[in-house]
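Just so you know, the protein sequences line up as chains R and B, in that order.
For the first sequence, the numbering used here assigns the number 7 to the initial residue and increments by one for each residue that follows.
For the second sequence, the numbering used here assigns the number 57 to the initial residue and increments by one for each residue that follows.
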Amino acid sequence: MSRIKNAFASLEAQGKKALIPYITAGDPQKDATVPMMRALVDAGADIIELGVPFSDPMADGPTIQLACERALAHNTSLHDVLAMVAEFRTTNSNTPIVLMGYLNPVERMGYETFAAAAVEAGVDGVLMVDLPPEEAVDVEGFFKSRDLDMIYLIAPTTKDERIERIGHAGSGYVYYVSLKGVTGSKALDVDDVARNLERIRKHVSIPVGVGFGINTGETAAAVSKVCDGVIVGSAIVNLIAANADNAKAAQDAVSALVGSMRTALDA
Amino acid sequence: MSTNNPFDLDLPDARGHFGIHGGRFVSETLSAALDELETTYKKLRDDADFQAAFDKDLAHYVGRPSPLYLAERLTAHCGGAQIYLKREDLNHTGAHKINNTIGQALLAKFMGKKKIIAETGAGQHGVASATVAARFGLECKVFMGSTDVERQKLNVYRMKLLGAEVEAVESGTKTLKDAMNEAMRHWVTNVDDTFYIIGTAAGPHPYPMLVRDFQSVIGREVQRQSVEQFGRQPDALVACVGGGSNAIGLFHPYIKHPEVAMYGVEAGGLGLDGDDHAAPLSKGRPGVLHGNRTYLMEDENGQIMGTHSISAGLDYPGVGPEHSWLKDVGRAQYVAATDDEALDAFHKLTQLEGIMPALESSHAVAYAMKLAATMKPDQVIVVNLSGRGDKDIHTIATLDGVTA
Numbered sequence: 007m008s009r010i011k012n013a014f015a016s017l018e019a020q021g022k023k024a025l026i027p028y029i030t031a032g033d034p035q036k037d038a039t040v041p042m043m044r045a046l047v048d049a050g051a052d053i054i055e056l057g058v059p060f061s062d063p064m065a066d067g068p069t070i071q072l073a074c075e076r077a078l079a080h081n082t083s084l085h086d087v088l089a090m091v092a093e094f095r096t097t098n099s100n101t102p103i104v105l106m107g108y109l110n111p112v113e114r115m116g117y118e119t120f121a122a123a124a125v126e127a128g129v130d131g132v133l134m135v136d137l138p139p140e141e142a143v144d145v146e147g148f149f150k151s152r153d154l155d156m157i158y159l160i161a162p163t164t165k166d167e168r169i170e171r172i173g174h175a176g177s178g179y180v181y182y183v184s185l186k187g188v189t190g191s192k193a194l195d196v197d198d199v200a201r202n203l204e205r206i207r208k209h210v211s212i213p214v215g216v217g218f219g220i221n222t223g224e225t226a227a228a229v230s231k232v233c234d235g236v237i238v239g240s241a242i243v244n245l246i247a248a249n250a251d252n253a254k255a256a257q258d259a260v261s262a263l264v265g266s267m268r269t270a271l272d273a
Numbered sequence: 057m058s059t060n061n062p063f064d065l066d067l068p069d070a071r072g073h074f075g076i077h078g079g080r081f082v083s084e085t086l087s088a089a090l091d092e093l094e095t096t097y098k099k100l101r102d103d104a105d106f107q108a109a110f111d112k113d114l115a116h117y118v119g120r121p122s123p124l125y126l127a128e129r130l131t132a133h134c135g136g137a138q139i140y141l142k143r144e145d146l147n148h149t150g151a152h153k154i155n156n157t158i159g160q161a162l163l164a165k166f167m168g169k170k171k172i173i174a175e176t177g178a179g180q181h182g183v184a185s186a187t188v189a190a191r192f193g194l195e196c197k198v199f200m201g202s203t204d205v206e207r208q209k210l211n212v213y214r215m216k217l218l219g220a221e222v223e224a225v226e227s228g229t230k231t232l233k234d235a236m237n238e239a240m241r242h243w244v245t246n247v248d249d250t251f252y253i254i255g256t257a258a259g260p261h262p263y264p265m266l267v268r269d270f271q272s273v274i275g276r277e278v279q280r281q282s283v284e285q286f287g288r289q290p291d292a293l294v295a296c297v298g299g300g301s302n303a304i305g306l307f308h309p310y311i312k313h314p315e316v317a318m319y320g321v322e323a324g325g326l327g328l329d330g331d332d333h334a335a336p337l338s339k340g341r342p343g344v345l346h347g348n349r350t351y352l353m354e355d356e357n358g359q360i361m362g363t364h365s366i367s368a369g370l371d372y373p374g375v376g377p378e379h380s381w382l383k384d385v386g387r388a389q390y391v392a393a394t395d396d397e398a399l400d401a402f403h404k405l406t407q408l409e410g411i412m413p414a415l416e417s418s419h420a421v422a423y424a425m426k427l428a429a430t431m432k433p434d435q436v437i438v439v440n441l442s443g444r445g446d447k448d449i450h451t452i453a454t455l456d457g458v459t460a
């Protein structure tokens, strides 16, 4: 059983929802990332989405654009990100890691090379925001054959027949984008998410995580009632940015936020 | 239909691919909007009323057909093939961009969208979008890199006069690629009521196809005018390539006629030996950016590189996917002209013909001058003079050391 599947099964058994924080690898420094990942786990993260920085993050708002710029200022590459995952795995063999980012760094490395290196490093899933299932048909074999989960997005604009297709193409979980917009957008509408989740559940049998616009424990708890996991990105990245010159302060601030979300989710 | 002609294909395929290029590499939120656009366009493409409305505006608003002009003194100067200029610079708003914005504005109107957005580099597509917004009563917002806002002040002012809002983009390299990122972000947030008018034959399917179709009026006119004026088709076509919409507009009707050579001229900047250019077809490799797979300027880690060109309109690290396919199959040749060569061609055409070309188009003129010298006097080159140079006067004055 994959680490991701295992994590959701174990949470379900405990009646809990997954807390899935996102950070951009190499932000603000390469050596800050692995300690931050460990801090996330200590504060209650169930799965970590680790962002692969890209020069042109089209689906991201200013917060994650700037995180990419900070990471790229010292050339954080996909090779570096894989090395960070391998280092993280020396002390943690349970927490699933999903690499999230854009297709071109993977395209440049080569799909098969990347898939093999990702498994070797201890990656569990990949979410490439600009790779919809239709374009993945030529390359998904490299991932599936190695049991790397392919995590796809579903949006409020996604029609039912497409939701069904995505549900079949994906594994691990699907990522429901809670609103029309970029990452770090205004707060989501919980009722709207609930209505859409009902629609999604009819076609998707794997767990559904919800992200975009979740920045407080209160929103996280409210959203978690209708899904299997909440994804928190920009709210965490903002704290990293605010403490860019002090790794300890950044970890403390992020741990406090993630810890409060854990508490709210489990209440 | 010929069966032994390898270029007798109807591309893109159903998934929007041109060989390995093209496609639809976008975040999920945009999938439905692109599906809707594709469905609408495929229906309207064969709709007599839509085509009549498009043709009517091309004739009476844009001023088509644009002339095909034999540049006699330039020809004599080069000493070789006859150089004809396809005068897209004489279109309303001064460039080929308007052909596409008329088509897409009609699509927006048909789809009931009241707001349009556009990205722009040199500002020509921004002006053409602001113009059709005024013409069709649409609200218009144009995204432009702050570097380009600075170097194309005149066009920024024109857009504002036309009632458009110009948003200076401060992210990344602050040029065309970043303007396109920001336009995509705005679109994803306002996808219900907003139509995104992409300015070049690139981006996610169906944009490369529909922009090409709207611009192909250029090549179809050249086919007709060539027969009228010199009784046959030209030997070679030359056009500048940034995103490549003016080039594909000229080339596309000729793809199935391999006896006509096609040359796309990229921005060679300070030279192809270094990194200061914008020539992905000459020096890049295939990758994925802005919704399509195509040749890109990227580093060894797949990060998109900053580009350099004297002309803001060519300053883009990617290129339309159909050009990438034409390169792969060998149907078109892609070459480059440097900043200096373009500047020299600008002055030559201005002095010899009284025609001031845009710096983008000057790249095509520069290569055509070299090519003509290698060909015979009974041969014919058609150069797409895609835009006029008024917008570049300040840039040229500065480079020539004149304070205008």
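Glycine is no exception: its CB is placed at the ideal position from the N, C-alpha and C atoms.
- Here THR149 of chain B carries a helix assignment [DSSP, helix/strand/coil].
- The residue among B:LEU405, B:ALA220, B:ALA164 with its C-alpha nearest the C-alpha of LEU93 of chain B is B:ALA164.
- In the three-state scheme derived from DSSP, where H, G and I count as helix and E and B as strand, ARG444 of chain B is classed as strand.
- Of the other Cβ atoms in all chains shown, fewer than 16 fall within 10 Å of the Cβ of ASN12 of chain R; this residue is therefore exposed.
- Using a Cβ-Cβ cut-off of 7 Å, LYS192 of chain R does not count as an interface residue toward chain B, since no Cβ of chain B sits closer than that to its own.
- VAL458 of chain B sits exposed, since fewer than 16 C-beta atoms from the chains shown fall within 10 Å of its C-beta.
- If only complete runs of 4 or more residues are kept, the region 70-140 of chain R shows the alpha helix (DSSP H) at 84-95, 109-115, 117-127, in order along the chain.
- The beta carbon of MET167 of chain B sits no closer than 7 Å to any beta carbon of chain R.
- Shown here, ILE76 of chain B sits in coil according to DSSP, grouped into three states, outside any helix or strand.
- Using a CB distance below 7 Å, the part of the region 136-151 of chain R facing chain B consists of ASP136, LEU137, PRO138, GLU140, GLU141, ordered along the chain.
- In the DSSP secondary-structure assignment, MET318 of chain B is bridged to B:LEU293.
- For SER227 of chain B, the closest Cβ of chain R is nearer than 7 Å.
- Judged by DSSP secondary structure, MET200 of chain B falls within the beta strand (DSSP E) whose first and last residues are 195-201.
- Our two residues, ASP332 of chain B and ALA393 of chain B, have alpha carbons roughly 13 Å apart in a direct line.
- Within the DSSP secondary-structure output, ILE437 of chain B pairs in a beta bridge with B:ILE139, B:ALA292.
- Listed along chain R, the residues sitting closer than 7 Å to THR85 of chain B by beta-carbon distance are ALA161, THR163, VAL183, LYS186.
- At least one CB atom of chain B sits nearer than 7 Å to the CB of ASN110 of chain R.
- Boundaries of the alpha helix (DSSP H) around TYR213 of chain B: 209-217.
- When only Cα atoms are considered, PHE166 of chain B and MET64 of chain R end up about 28 Å apart.
- Taking the Cβ atoms as the reference, SER185 of chain B lies roughly 16 Å from ASN302 of chain B, outside the contact range of under 8 Å.
- The distance from the Cβ of GLY320 of chain B to that of ALA295 of chain B is about 6 Å, consistent with a contact at the 8 Å cut-off.
- Straight-line measurement puts the Cα of LEU133 of chain R at about 23 Å from the Cα of ALA247 of chain R.
- When the five nearest sequence neighbours on each side are left out, the beta carbons in the same chain lying within less than 8 Å of the beta carbon of GLY119 of chain B are those of LEU146, ASN147, HIS148, in order along the chain.
- Within 9 Å of the CB of PHE60 of chain R, the CB atoms of chain B belong to GLY358, GLN359, ILE360, in sequence order along the chain.
- The region 34-49 of chain R and the region 251-263 of chain R touch, with three or more beta-carbon pairs separated by less than 8 Å.
- DSSP lists no bridge partner for ASN246 of chain B.
- In the assembly as shown, ALA115 of chain B is an exposed residue. Its beta-carbon has fewer than 16 other beta-carbons within 10 Å.
- For MET115 of chain R, the chain B residues whose C-beta falls within less than 9 Å of its own C-beta are ASN357, GLY358, listed in chain order.
- Residue pairing by DSSP places PRO342 of chain B opposite B:TYR351 in a beta bridge.
- For the C-beta of GLN35 of chain R, not a single chain B residue is nearer than 9 Å; the gap to the nearest is close to 17 Å.
- Per the DSSP secondary-structure output, LEU25 of chain R pairs in a beta bridge with R:VAL236.
- Within the region 40-72 of chain R, PRO59, PHE60, SER61, ASP62, PRO63, MET64, ALA65, ASP66, GLY67, PRO68, GLN71, LEU72 place their CB atoms closer than 9 Å to a CB of chain B, listed in sequence order.
- Using beta-carbon distances, ALA88 of chain B counts as an interface residue toward chain R, with a partner under 7 Å.
- Within chain R, the residues placing a beta-carbon under 8 Å from that of ASN237 of chain B are ASP62, PRO63, MET64, ordered along the chain.
- Secondary structure note for GLU223 of chain B: its beta strand (DSSP E) is the uninterrupted segment 221-225.
- Taking 7 Å as the CB threshold, GLY79 of chain B lines the interface with chain R.
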